[in-house]
Amino acid sequence: RNPSQFTINPSQPDVVTIPEIKRHLHRFGYLQRSNDSKSDAILFEKALARYQKNLGLPITGKPDSDTLSHIRLPRCGFPDYVESKTTAFHAGQK
Amino acid sequence: YVYFPGKPRWTRDSPLKLTYAFSQENLTPYLTPAQIRRVFRRAFGKWASVIPVSFVETEDYVFADIKIGFFAGDHGDGEPFDGVLGVLAHTFSPENGRLHLDNAETWAVDFDEQKSSVAVDLESVAVHEIGHVLGLAHSSVKDAAMYPTLKPRSKKVDLNIDDVVGVQSLYGTNPNFTLSALLASETSTNLAD
């Protein structure tokens with residue numbers, strides 16, 4: 138995987154595209170991939186609302202300026218929502 | 433505070449002693465090994481002051497409980513780093529013990545010396561990642577050490593009451609811990625900010 142696809146390109150801090158936001162939300166546990174375009178918009182809005190709630194931002198469900206500036210912030214690579222099946226970070230016992 | 437699914441934590445005889453070591457081949461060019469060791473000793477000390485757990489540095493990386501290294505890009509654990517800013521570091525949940533930092537960052541211990549606009553405070557990230565090593569996931573409390581984001585050229589090295597209650601619910605309380613000492617340190621940090 139191309140690592141930079143998971144994070145916002147710091148050389149273009151002011152441009153955050155919807156696909157980048159979706160990748161960010163998927164990367165950190167807020168959005169599952171879906172092939173159903175109908176429910177895509179609803180899932181995206183729900184994922185944004187969960188992200189905003191989890192990070193103490195105003196909950197709008199929209200990619201507003203608060204949310205975008207947070208998405209641009211450097212951060213820990215561990216997901217915020219950890220499903221028990223998240224393998225990489227639960228890579229087995231010692 | 434939030435646990436990982438299944439509430440994993442280190443389960444050994446009490447008092448719990450965890451060893452940590454640095455991958456000598458994978459450090460950062462921005463700091464000397466002595467600076468890195470001093471920062472992590474302080475960071476481990478923050479957590480040790482609130483729970484009955486001690487952290488001892490060892491040279492033996494292979495057998496250390498906690499393995500610390502600075503890596504670039506794809507480094508073989510399925511979570512490639514992404515260059516400057518973006519993801520700064522990641523850690524695995526207990527009892528895995530691996531703590532990885534992105535070698536592409538401009539790691540700093542003193543912003544008066546390191547003037548880069550993308551400089552990242554190593555101690556703040558170390559305190560956060562050690563929280564993961566112990567079993568805490570990301571918190572939604574903005575002042576908590578376990579809050580997932582960190583601005584460049586900013587510091588967040590003290591534990592918040594949210595971090596303390598979370599980690600003490602996993603390991604118990606250090607008999608020498610006093611809430612007033614914690615609140616005093618939070619107040620002094622807020623005044624400094």
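As given, the protein sequences belong to chains R and Z, one line each in that order. Quick note on the numbering used here: the first sequence kicks off at 138 and runs consecutively. Quick note on the numbering used here: the second sequence kicks off at 433 and runs consecutively. In this text, a Cβ means the ideal position worked out from N, Cα and C, and glycines have one as well. This one's a predicted model, so the numbers in the text were calculated from it and none came from an experiment.
#1: Where does residue 141 of chain R fall in DSSP's three states?
#2: Look at residue 204 of chain R and residue 180 of chain R and say whether their C-beta atoms are less than 8 Å apart.
#3: Quick one: which chain Z residues come within Cβ less than 7 Å of residue 217 of chain R?
#4: Could you pull out every residue in the same chain whose Cβ sits closer than 6 Å to the Cβ of residue 161 of chain R, ignoring the five residues on either side in sequence?
#5: Leaving out five residues before and five after residue 516 of chain Z in sequence, what residues of the same chain have Cβ atoms less than 8 Å from its Cβ?
#6: How about residue 584 of chain Z: is its C-beta nearer than 8 Å to some C-beta of chain R?
#7: Taking C-beta pairs closer than 9 Å, name the residues in chain Z that residue 163 of chain R reaches, listed in chain order.
#8: Identify, in the order they occur along the chain, each residue of the same chain with its Cβ nearer than 6 Å to the Cβ of residue 560 of chain Z, setting aside the five sequence neighbours on each side.
#9: Find the nearest neighbour of residue 437 of chain Z within the set Z:484, Z:524, Z:613 and Z:499, judged by alpha-carbon distance.
#10: Where does residue 476 of chain Z land, buried or exposed, given buried means 16+ other C-beta within 10 angstroms?
#11: For residue 531 of chain Z, report the span of its beta strand (DSSP E) as first-last.
#12: What number of angstroms, rounded off, separates the C-alpha of residue 553 of chain Z from the C-alpha of residue 175 of chain R?
#13: On the three-state DSSP scale, how would you describe residue 480 of chain Z?
#14: With a 10 Å radius around its C-beta and 16 neighbouring C-beta atoms as the bar for buried, classify residue 457 of chain Z as buried or exposed.
#15: At a Cβ cut of 9 Å, what residues of the region 496 to 510 of chain Z count as close to chain R, listed as they run along the chain?
#16: Can you list, in chain order, the residues of its chain with a C-beta nearer than 8 Å to that of residue 493 of chain Z? Leave out the 5 residues immediately preceding and following it.
#17: I'd like to know whether the C-beta of residue 205 of chain R is nearer than 8 Å to at least one C-beta of chain Z.
With the structure as the only source:
#1: Below a pLDDT of 50, predicted positions are generally treated as unreliable, and residue 141 of chain R, at 41, falls in that range; no measurement from the model is reported.
#2: Contact annotation: residue 204 of chain R and residue 180 of chain R have beta-carbon atoms that are not nearer than 8 Å.
#3: Within chain Z, the residues placing a beta-carbon under 7 Å from that of residue 217 of chain R are 570 and 580, ordered along the chain.
#4: Annotation for residue 161 of chain R: 208 place their beta carbon closer than 6 Å to its own, counting only its chain and skipping 5 residues before and after.
#5: Excluding sequence neighbours, residue 516 of chain Z sits near 536, 537, 538 and 550.
#6: Yes, residue 584 of chain Z lies at the interface with chain R (some Cβ there is under 8 Å from its Cβ).
#7: Within 9 Å Cβ-Cβ: nothing; residue 163 of chain R doesn't reach chain Z, min ~14 Å.
#8: Excluding positions up to five away in sequence, the list reads 577.
#9: Considering only alpha carbons, the answer is Z:524.
#10: By the neighbour-count rule (16 or more Cβ atoms within 10 Å), residue 476 of chain Z is buried.
#11: Where residue 531 of chain Z is concerned, the enclosing beta strand (DSSP E) stretches over 530 to 534.
#12: The C-alpha of residue 553 of chain Z lies about 43 Å from the C-alpha of residue 175 of chain R.
#13: Note: residue 480 of chain Z maps to helix in three-state DSSP.
#14: The residue in question, residue 457 of chain Z, is exposed, as its Cβ has fewer than 16 Cβ neighbours within 10 Å.
#15: Going along the region 496 to 510 of chain Z in chain order, one finds 497, 505, 506, 509 and 510 with a Cβ nearer than 9 Å to chain R.
#16: Here the set comprises 453, 454, 455, 456 and 499.
#17: So no, residue 205 of chain R is outside the interface.
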